[in-house]
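Student: Starting off with a structure, shown below.
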Amino acid sequence: MAEAAVTFLLGQLKEVVREHKDLISGAENELEQLNNYLDMLKAFLKKTARKTEKDDLLTKLERRIKVIVYEAEDTIDTCFTYAIQAKNKGSFSLPNLKSKRLGLAKLVNSIIHDKLVPLFEDINKFNGMQNFASGFGGFPDLHTKSKKDTPIRRNKVVGFEDEERTITDFLKQETSELDVISIIGIPGQGKTTLAWKIYENEEISFLFAIRIWVSISQKFNSRDVFLQILRKFISNPDTSNFDNNELVQTVRACLEKETFLLVLDDVWSVDAWNEIKEALPLGNGKGKVLITSREKDVGMHSTSVSRKPHALRFLNDNESWTLLQYEVFGVEDCPRELSGIGYQIAIKCDGVPLTIVVIGGILMDLLTRSPSTDVAVKEWKVVAKNVSDALQNDKAQLITGVVALSYHRLPDDLRECFVYLGVFPEDYEIPAKMLCELWISERFVLPKDGRSLEESAEDNLNDLICRNLLKAEKTNHTGKVKTCRVHDMIRAFCIARSKEENLFQEIKKSTTGALEPPVSEVHKFHRLCFRSDLSKFLSENPDGPRVRSFLCFYDQPVELEPQFITVIPDSFRKLRILESKSIKFDKFPAKVTKLIHLRYLTLNIDTLKILPEAISQLWNLQALVVETKSRSITMKANMWRMIRLRHLKTKAAISLDSKWEGDAGPNIHTLNRLSPESCTEVVSRKAKNLKTLGISGKLANIFERKFLEKLHLLEKLKLVNSLTYEPTSEDMLHGLPQSNRFPPYLKRLTLTNTFLDWKHMSTLATIKSLEALKLKDNAFVGVTWKVSGYDFPSLHLLLIVNTDLVLWEASTDSFPSLKFLVVKNCENLKEIPECLGTHLQKLEIERLRPSAVESAKKIEETNKKKPEDKFAVQFNLNIGPACVTK
């Protein structure tokens with residue numbers, strides 16, 4: 001985490017030297033010296049990053065480095081904020097300029113001598129003490145400690161009967177080779193508990209004469225694992241003279257002809273599995289290996305070819321309530337007065353046994369101390385109101401320890417991305433793109449060779465999902481994550497860890513009505529997040545000279561009182577992130593344009609008509625997102641001077657000025673949406689690296705401009721045709737051009753209100769790269785669509801919403817790759833072609849006539865009759881409202 005901060009400060013220094021030579025004259029030597037110190041810090045942190053476990057001294061050093069880096073950033077930003085503001089006002093006289101230069105030199109020199117020099121003295125001492133060059137060594141085994149604190153629960157095991165039967169059936173199956181079964185799940189979900197139930201199962205005990213349980217330490221040592229296996233065959237094996245190869249062969253020989261069950265609990269990495277596998281008799285069909293792991297990759301690499309990793313389910317509501325009663329009362333017998341509120345609490349634990357155990361301990365404590373049942377009911381209601389807060393209770397150390405095991409295995413550059421998940425509210429569905437853009441703007445994402453920042457951020461997202469620290473909520477047709485969620489237990493860890501790292505701070509009301517923490521402490525924090533009480537906070541005139549991120553996540557958008565609109569820019573002048581989509585402004589907040597360090601800005605303004613010219617001053621801005629009900633916006637800010645702009649998003653049609661000049665544009669990845677009039681040769685030439693584009697307005701002549709075909713990197717295109725109340729011929733597209741008028745590598749296309757004849761689908765079929773096609777609100781019209789003489793070879797997703805289509809004819813070759821089909825509000829459609837179900841994984845229908853619903857059911861029946869393939873995705877038919885069968 002400290003390495004990322006150092007890396008980006010180094011980048012900032014380079015920008016300062018390159019872009020603002022007039023402001024640093026006289027401070028060049030000090031800045032160069034600072035740069036050298038930062039280079040050495042980066043080298044030190046790269047070495048320490050190799051350790052997955054770090055002692056207290058190293059952790060304190062890293063935190064100290066972060067604090068110093070933040071102070072250096074604050075110093076540089078403060079100088080440049082005043083300097084650039086004065087320069088823009090034209091009040092930057094030569095004496096003032098000289099004064100600012102001298103001030104910068106003095107401040108940087110102070111950081112070097114007062115902070116960095118003592119820091120490096122301590123780093124040198126640390127290197128000597130820890131034998132740094134040879135790899136540190138001697139750290140405590142956190143995993144062993146956790147295992148001691150969290151023994152296998154042999155009593156009060158609730159649920160998992162169906163899971164136990166499933167795994168037991170796997171173990172009973174006869175195979176010709178060694179069979180490996182893996183159980184995958186989040187920390188605390190009950191993987192070890194389930195494995196123990198199976199291990200102790202009478203039928204399994206009878207079936208396997210030899211059963212071996214091995215708990216894998218986070219500090220993996222294959223020799224220790226092999227010795228644990230050998231002790232099942234030899235009481236005190238003398239292997240002191242064995243090299244690793246001899247030990248491997250001995251273990252394999254012992255297992256070669258035996259009927260055995262080997263349980264490997266908590267395998268942490270694919271590398272660990274590969275080492276263990278060397279000692280296993282892969283040709284012994286009488287042997288079974290059962291693995292538990294938090295890591296999906298471990299399951300994928302270890303499980304036998306014939307089956308998938310087994311994803312452990314969560315406890316259902318009744319199982320959760322049963323387990324909670326056992327934890328609080330020792331029996332399944334809760335007093336009637338507490339049962340209703342207790343059941344609510346159990347449901348809010350989201351089916352994770354560890355969460356239920358921890359909450360149960362808290363409730364039992366409250367019950368023990370309560371003088372009466374009435375008091376206990378009140379106290380339990382407080383817990384029910386916010387289970388997430390209760391999980392941050394001192395009693396929740398068990399959760400901290402379990403999740404910490406996964407946290408300490410994360411690469412350094414992924415840890416801040418993970419802890420940052422705590423800024424989102426409980427049960428918040430996080431848009432994946434927003435999360436990645438925030439990570440990038442927060443400078444948590446390190447640049448990687450050959451990967452864009454967006455791709456690197458997406459890699460981080462997928463890594464956290466594979467480690468079961470983040471849940472993919474919605475995915476698209478290619479499996480790409482669209483939204484995700486954080487489990488409350490993991491979120492509680494992130495919030496607790498954030499307090500240690502001073503990463504972010506939530507501002508909220510305490511039980512007394514006062515803000516917590518008090519406004520007087522805001523100057524200590526770098527990031528603030530709000531889920532309520534923003535007006536009360538702003539009314540107390542906060543001052544946050546160090547605050548870099550201001551994040552608002554209300555359940556429903558709220559209006560901000562006019563007197564508070566200027567408080568945010570006035571009080572937090574160094575903001576880099578302003579996420580205020582859930583706060584409604586009545587007009588564009590002009591003072592926001594004074595926040596020259598902004599990288600990420602979201603605004604919600606219903607009646608917005610103009611994006612003012614002053615936005616051009618936000619030279620650091622990377623992402624601008626505007627929520628509005630306006631159909632069009634005039635952008636007076638010169639986009640071609642915003643050199644770091646990557647994403648501009650709004651549902652209104654943006655009009656650009658064709659007279660703008662400037663060299664910016666190559667960094668722009670998203671323009672959503674432009675007006676057709678702004679789709680000019682200038683845009684296609686300057687924004688040549690566009691990947692996502694939306695166009696909204698009268699589209700009749702959009703293809704005549706030869707605009708789209710010049711966007712060679714465009715992958716996603718949305719065309720929304722604006723209509724008058726009674727559509728005329730001038731409102732409609734009368735046809736589509738040849739495929740060479742489309743971007744050459746187009747993957748996703750959405751058409752809305754285009755009123756095209758179905759015969760023009762043959763043109764879209766010539767776009768061989770097309771993977772997703774969404775047709776909305778009369779994108780195509782006419783009673784018949786006959787897919788004949790053409791096909792869609794790469795199409796994975798087809799969505800048709802609101803059309804007058806009656807007859808749809810296709811063959812098995814028409815859509816050979818189709819996996820997802822959505823048909824809604826097509827009330828005239830007689831039936832869905834049954835041949836489309838050949839490779840289909842999901843069919844979603846809504847508002848269809850009975851005959852069309854019956855055809856969907858036939859597709860479902862056909863898929864059920866297919867030979868079972870354990871690696872195939874199960875077909876899913878989703879029947880929505882207004883779908884009536886005969």
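Count the sequence shown with full-length UniProt numbering and you get residues 1 to 886, in order. C-beta: ideal position from N, C-alpha, C; glycine also.
1. Cβ of I212 within 7 Å of Cβ of K232?
2. Could you tell me how far apart the beta carbons of C494 and L575 are, in whole angstroms, since I believe they sit closer than 8 Å?
3. Given 8 Å as the limit, is there contact between the region 323-340 and the region 285-297, that is, 3 or more CB pairs closer than that?
4. Going by DSSP, what residue range makes up the beta strand (DSSP E) through E295?
5. Assuming N36 is part of the alpha helix (DSSP H), what are its boundary residues?
6. Under the rule that 16 or more other beta-carbon atoms within 10 Å means buried, what is L843, buried or exposed?
7. From Q505 to L795, what does the alpha carbon distance come to, in whole angstroms?
8. Could you spell out the range, first to last residue, of the alpha helix (DSSP H) harbouring F226?
9. Looking at the secondary structure, which residues open and close the beta strand (DSSP E) in which R336 lies?
10. Where N221 and D389 are concerned, what is the direct C-alpha to C-alpha distance, given to the nearest angstrom?
11. Where DSSP assigns a beta bridge to residue 892, which residues make up the other side?
12. Contact between the region 476-495 and the region 422-432: three or more CB pairs below 8 Å?
13. Distance, Cα to Cα, L58 vs R527?
14. Could you check what DSSP says for M635 in three-state terms: helix, strand or coil?
15. Taking C-beta to C-beta, are L799 and V822 nearer than 7 Å?
16. Looking at Q622: is its Cβ nearer than 7 Å to the Cβ of S441?
17. So, for V331: in the same chain, excluding its five sequence neighbours on each side, which residues have a beta-carbon less than 8 Å away from its beta-carbon?
18. Taking 8 Å as the limit between beta carbons, can you name the residues of its chain near M40, skipping five residues before and five after?
19. Take K47 as the anchor and find which of I123, V787, K191 and L31 has the nearest alpha-carbon.
20. Which residues in the same chain as T593 place their Cβ atom closer than 8 Å to its Cβ, once the five residues preceding and following it in sequence are excluded?
21. Under a three-way DSSP split, which group does Y407 fall into?
22. Which residues share a DSSP beta bridge with residue 952?
23. Rounded to whole angstroms, what is the Cα-Cα separation between M642 and S549?
24. Measure the beta-carbon distance from L338 to W380 and round it to whole angstroms, keeping in mind my assumption that it falls under 8 Å.
25. Is the region 461-469 touching the region 410-419, taking contact as three or more C-beta pairs under 8 Å?
26. Once you ignore the five residues that flank L9 on each side, which residues in its own chain have a CB closer than 7 Å to its CB?
27. Is the distance from the Cβ of P542 to the Cβ of V519 below 7 Å?
28. Please state if the CB of G285 and the CB of E177 are separated by a distance shorter than 7 Å.
29. Does the separation of the CB atoms of L746 and S722 fall below 7 Å?
30. Per DSSP, which one or two residues make a beta bridge with I654?
31. With contact counted as at least three CB pairs below 8 Å, one residue from each stretch, are the region 360-378 and the region 445-452 in contact?
32. Which of the three DSSP states is assigned to L751 in this structure?
33. Looking at the structure shown, is residue 907 part of a helix, part of a strand, or coil, going by DSSP?
34. Does DSSP classify K499 as helix, strand or coil?
35. To the nearest angstrom, how far is it from the Cα of D77 to the Cα of A4?
36. Classify D791 as helix, strand or coil using the three-state DSSP reduction.
Tutor: On the basis of the data shown:
1. Contact flag set, yes.
2. Contact check for C494 and L575: beta-carbon distance about 22 Å, past the 8 Å limit, so the pair fails to qualify.
3. Counting C-beta pairs with one atom in each stretch, the region 323-340 and the region 285-297 have fewer than three that are closer than 8 Å, which means they do not touch.
4. Where E295 is concerned, there is no enclosing beta strand (DSSP E), because DSSP gives it neither an H nor an E.
5. Its alpha helix (DSSP H) spans residues E28 to T48.
6. By the neighbour-count definition (other C-beta atoms within 10 Å, threshold 16), L843 is a buried residue.
7. So the alpha carbons of these two residues sit roughly 45 Å apart.
8. The continuous alpha helix (DSSP H) containing F226 extends over residues S222 to L230.
9. Looking at the DSSP string, R336 is not in any beta strand (DSSP E); the run it does join, the alpha helix (DSSP H), is R336 to I347.
10. Distance between the alpha carbons of N221 and D389: 38 Å.
11. Any property of residue 892 remains undetermined from this structure, which presents the chain solely from 1 to 886.
12. Short answer: they touch.
13. Going by the C-alpha atoms only, they are around 24 Å apart.
14. Of the three classes helix, strand and coil, the one that applies to M635 here is strand, per DSSP.
15. In this structure, V822 lies closer than 7 Å to L799 by Cβ.
16. In this structure, S441 lies closer than 7 Å to Q622 by Cβ.
17. Around V331: Q325.
18. Once the five neighbours on either side are set aside, the close Cβ partners of M40 are F120.
19. Of the candidates I123, V787, K191 and L31, the one whose C-alpha sits nearest the C-alpha of K47 is I123.
20. Within the same chain, T593 has close Cβ partners P612, A614, I615, Q617 and L618.
21. In this structure, Y407 counts as helix in the three-state DSSP scheme.
22. This structure leaves residue 952 out entirely; the chain is present only between 1 and 886.
23. Take the alpha-carbon of M642 and the one of S549: they are about 21 Å apart.
24. Contact check for L338 and W380: beta-carbon distance about 6 Å, within the 8 Å limit, so the pair qualifies.
25. These segments touch.
26. Around L9: L38, V69, A72 and E73.
27. A contact, by the Cβ cut-off of 7 Å.
28. Taking C-beta atoms as the reference points, E177 and G285 count as a pair closer than 7 Å.
29. In this structure, L746 sits away from S722, with a CB-CB distance that is not shorter than 7 Å.
30. Here I654 is bridged, per DSSP, to I633 and L674.
31. No, the region 360-378 is not in contact with the region 445-452.
32. Residue state for L751 is assigned as strand, using DSSP reduced to three classes.
33. Past the edges of the chain, shown from 1 to 886, lies residue 907, and the structure says nothing about it.
34. Under the three-state reduction of DSSP, K499 is assigned to helix.
35. About 18 Å.
36. Correct three-state label for D791: coil.
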